Amino acid sequence: MKSCILLVNIIVLSFFCSCKYANKRLESRFIDLKAAIDLPNKRNIDDYCRDVSYIKLETSDSVLLRSPSYLFTPNTIVAYESSSLYQFSYEGKFLNSYEKKGQGPMDLMGVNKVLWNSEREEIYVIDGALGKILILDEKLNFLDCMLFRLPAYRFVVNDDYIYYGLYRNDYRKLPLKAVGRFCILNGKNEMFYDSEFPYFSTDMYPMFSFGTKLSNNDTIFYFRENRSDSIFSFTPNDSTKRFAYKINVGNTYPPELDYNQNARSERKNYIIAGDCIFLDDLVFVSYFYKNSNIKTAVFHENSGKTFCLEESESNKIDGGLPIILIQKVQGRKFYAGQIIPSYHLTDDFISRVKKNDTSGELINILTRTTSEDNPILMFVELK
5 MKSCILLVNI
15 IVLSFFCSCK
25 YANKRLESRF
35 IDLKAAIDLP
45 NKRNIDDYCR
55 DVSYIKLETS
65 DSVLLRSPSY
75 LFTPNTIVAY
85 ESSSLYQFSY
95 EGKFLNSYEK
105 KGQGPMDLMG
115 VNKVLWNSER
125 EEIYVIDGAL
135 GKILILDEKL
145 NFLDCMLFRL
155 PAYRFVVNDD
165 YIYYGLYRND
175 YRKLPLKAVG
185 RFCILNGKNE
195 MFYDSEFPYF
205 STDMYPMFSF
215 GTKLSNNDTI
225 FYFRENRSDS
235 IFSFTPNDST
245 KRFAYKINVG
255 NTYPPELDYN
265 QNARSERKNY
275 IIAGDCIFLD
285 DLVFVSYFYK
295 NSNIKTAVFH
305 ENSGKTFCLE
315 ESESNKIDGG
325 LPIILIQKVQ
335 GRKFYAGQII
345 PSYHLTDDFI
355 SRVKKNDTSG
365 ELINILTRTT
375 SEDNPILMFV
385 ELK
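Taken in order, the sequence shown gives residues 5 to 387; the numbers are from our numbering.
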């Protein structure tokens with residue numbers, strides 16, 4: 005009898021301990037964005053950075069860039085805009101280009117996104133206008149072309165697959181799925197993970213592009229549907245959907261604000277979470293609130309605390325552009341923006357850099373830059 009009572013006590017104690025552990029784990033995954041916004045004190049992104057560096061892209065008569073997007077491979081930088089790609093070394097030297105505008109198998113009408121496959125050492129150029137993917141090697145040599153007419157919103161490449169978050173369009177009744185993947189070997193497409201939300205009844209097109217946010221930290225993939233407060237994860241080897249984080253934004257804005265032009269201004273009254281950057285110890289969360297400027301908060305894994313970051317016109321390290329984590333390059337190094345000489349090269353900007361740039365790196369670059377030069381890329385290394 006005593007042994008039975010002891011066994012019951014052990015079971016009950018184990019149950020309460022497991023519940024307590026589960027609650028603690030949930031709390032450690034709770035990104036309280038609303039509470040962070042209400043706090044008067046903000047943190048500065050500069051406090052999370054150990055270094056800022058720059059790469060000035062070579063300028064020539066045949067390569068004049070306005071405001072391109074970038075892909076970073078292990079050995080080169082690929083700048084892309086319109087229907088062309090331009091390749092530079094990490095010293096900024098121009099190497100190669102891919103300029104084939106047209107509608108043939110090797111041609112491009114417009115570049116929506118460029119992706120790097122580290123396992124296959126291939127570059128994928130997504131052309132939404134022609135509904136296809138060009139496959140290039142790392143030196144921009146043409147390898148193949150595949151049809152790609154999918155409602156993709158965000159992309160992550162792993163091994164033989166391109167994973168993508170799906171667009172959300174209740175008007176066109178796109179499939180109520182959250183994530184899909186495209187096999188680069190055979191062109192087959194697979195959609196998985198049911199949407200958390202039923203169709204919203206609307207007779208209007210969405211005002212903006214909305215869809216599932218998808219990103220990764222090494223082999224862990226994270227996704228969050230539009231208007232959802234829950235972030236889930238999975239791995240390529242195990243597609244089981246797992247709860248990862250909950251973002252507290254207070255009241256989620258009603259779905260009609262995605263479609264009703266007359267009520268568009270009401271969106272500013274809601275905290276709207278955007279893309280996230282996931283590291284082992286930090287999660288950076290972009291969000292909109294009150295005005296059109298994108299803001300950033302940071303969640304600390306170890307303490308479970310969330311802090312909003314200050315908005316600034318410059319960074320405290322050298323007086324240059326404000327630091328915004330845009331794209332991971334390698335490890336904890338991020339592309340953080342570009343100085344467009346025709347726009348940024350003002351007397352005020354140069355004067356501020358002269359005053360704050362103790363290392364002299366940026367001011368040295370600016371003194372040999374004209375307003376007609378190609379962009380200067382900014383990189384930051386996180387602590």
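The beta carbon of each residue, even a glycine, is placed where N, CA and C say it ideally should be. Owing to the predicted nature of the structure, the values given are computational and were not obtained by experimental measurement.
The beta carbon of D50 is closer than 8 Å to those of N319, K320, I321 and I327 in its chain, skipping five residues each way along the sequence. By the C-beta density criterion, A182 is buried, having at least 16 other C-beta atoms within 10 angstroms.
Around the beta-carbon of T223, fewer than 16 other beta-carbon atoms lie within 10 Å, marking it exposed. In the DSSP annotation of this structure, the continuous segment of the alpha helix (DSSP H) that includes K359 starts and ends at D351 to N360. Across the structure, V82 and L140 are spaced so that their CA atoms are roughly 12 Å apart. Secondary-structure assignment with DSSP links S269 through no beta bridge to anything.
Taking 8 Å as the cut-off, the beta carbon of Q265 is found closer than this to the beta carbon of M211.
For L286 and S87, the gap between their C-alpha atoms comes out near 36 Å. Annotation for I59: the continuous beta strand (DSSP E) segment containing it runs C53 to K60. Across the structure, M150 and I137 are spaced so that their CA atoms are roughly 5 Å apart.
Spatial neighbours of F76 in its own chain (CB-CB distance under 6 Å, excluding positions within 5 residues in sequence) are listed in chain order as V333. In the displayed model, N121 falls within a strand according to three-state DSSP.
S375 and F92 have their C-alpha atoms some 20 Å from each other.
Where L154 is concerned, there is no enclosing beta strand (DSSP E), because DSSP gives it neither an H nor an E. Per DSSP, the continuous beta strand (DSSP E) segment holding N297 begins and ends at N295 to H304. DSSP, read as helix, strand or coil, puts L68 in coil. With contact defined as three or more Cβ pairs closer than 8 Å, the segment 296–315 and the segment 334–343 are not in contact.
Classified as exposed, M110 has fewer than 16 neighbouring CB atoms from the shown chains inside 10 Å of its CB.
Counting along the chain, the unbroken alpha helix (DSSP H) around A39 starts and ends at L37 to D42. In terms of CA proximity to K272, I298 leads the group L329, K97 and I298. In terms of Cα proximity to M208, the closest of R268, I235 and Y165 is R268. Non-local beta-carbon contacts of K177 in its own chain, meaning distances under 8 Å to residues more than five positions away in sequence, involve Y203 in chain order. Beta-bridge pairing by DSSP links V82 to L75 and Q91. Assigned with DSSP and collapsed to three states, I166 falls in strand.
Per the DSSP secondary-structure output, R176 pairs with nothing in a beta bridge. For the segment 202–237, the full-length beta strand (DSSP E) segments reaching 3 residues or more read 217–221 and 224–228 along the chain.
Here K60 is buried. Its C-beta has 16 or more other C-beta atoms within 10 Å. E62 sits away from P72, with the two beta carbons spaced by 8 Å or more. In this structure, the straight-line span from the alpha carbon of S363 to that of F288 is close to 28 Å. Contact check for F292 against S219 fails: the beta carbons are separated by 8 Å or more. Closest by C-alpha distance to T239, out of L119, D131, V160 and T350, is V160.
Note on Y168: 16 or more other CB atoms within 10 angstroms of its CB, so buried under the neighbour-count rule. Annotated three-state conformation of E365 is helix, per DSSP. Only residues of its own chain outside the window of five on either side were considered, and among them L61, E62, S64, V67, Y90, Q91 and F92 have a CB closer than 8 Å to the CB of F98, listed in chain order. Residues of the same chain with a CB within less than 7 Å of the CB of N173, apart from the 5 flanking positions on each side, are P210 in chain order. Proximity to K387 across F186, Y102, D164 and C53 peaks at C53, based on C-alpha coordinates.
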